[in-house]
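Letter 174 of the sequence shown, counting from 1, is numbered 173 in numbering that gives the first Met the number 0, and no numbers are missing. Built from N, CA and C at the ideal position, the CB exists for glycine as well. One structure is given below, encoded as structure tokens.
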Amino acid sequence: MNDIIFSPLEKNSEIFKDLKENVSIDSKTNKKGINVSNLLKLARQGHFEEGSLHEILEKCEMHLCVPPPTPRNPELEERVTRLKNEQDNAAYRSMTNYLIPQERYNLNIGKEVKSVASQMTAVINFVLTVGGSFFFVYKAVEYALPNPNIPAQVMMGIVTSTVVALADLYFLARTI
């Protein structure tokens, strides 16, 4: 109710002339008038001799006031500033997270070394298994034949090492 003020339509009107202490001023338009609660209180006390309340209101203009902004609490301002700074710092850290390599890579070095070691072990095992199977079959064919036949030895070694390589690849792919 205090957001509405009544001011006289004519500049010379003497409706509110003796009521200086009850005058309100709109903070946005700087118009002077009496707010609703003061007007009702004065009407009950019989301050208006010009007539009844509705006759007085016919000679007035009604304005919706913009109340002055309430000052913000300093603790709230400090807290809002602190939270904004924390949010800005978090956004900055998330943007620059991948630009600082020592922070990102130092944490996973042990894990990466273990991964590389297991992969190297698998490669060495594969090479030794395939090479060993080739050498074994090559020598087995040499001892099995009465006359040395190198093309037959190499061909049997390649066939056997290919079968072993395919089997080894199958088991490697299954574990991955």
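Is the number of C-beta pairs between the stretch 128-139 and the stretch 108-116 that are closer than 8 Å three or more?
no
For Tyr169, which residues from the same chain have a beta carbon less than 8 Å from its beta carbon, with the 5 sequence-adjacent residues on both sides left out?
none
How long is the line joining the alpha carbons of Ala121 and Tyr91, rounded to whole angstroms?
42 Å
Closest to Val153 by C-alpha separation, out of Leu165, Leu56 and Phe135, would be which residue?
Phe135
Could you tell me which of Gly109, Leu82 and Phe125 sits nearest to Asp167, measuring between CA atoms?
Phe125
Kindly list the residues whose CB is nearer than 7 Å to the CB of Gly156, restricted to its own chain and excluding five residues on each side of it in sequence; keep chain order.
Phe133, Val136 and Tyr137
For the beta strand (DSSP E) holding Gly32, just list the boundary residues, first then last.
Lys31 to Asn34
Which runs of the alpha helix (DSSP H), 4 residues or longer, sit entirely within the stretch 51-87?
52-57
Under a Cβ-count criterion, where at least 16 other Cβ atoms within 10 Å of its own Cβ denotes burial, should Asn261 be classed as buried or exposed?
Because the chain spans 0 through 175 in this model, residue 261 falls outside it and cannot be assessed.
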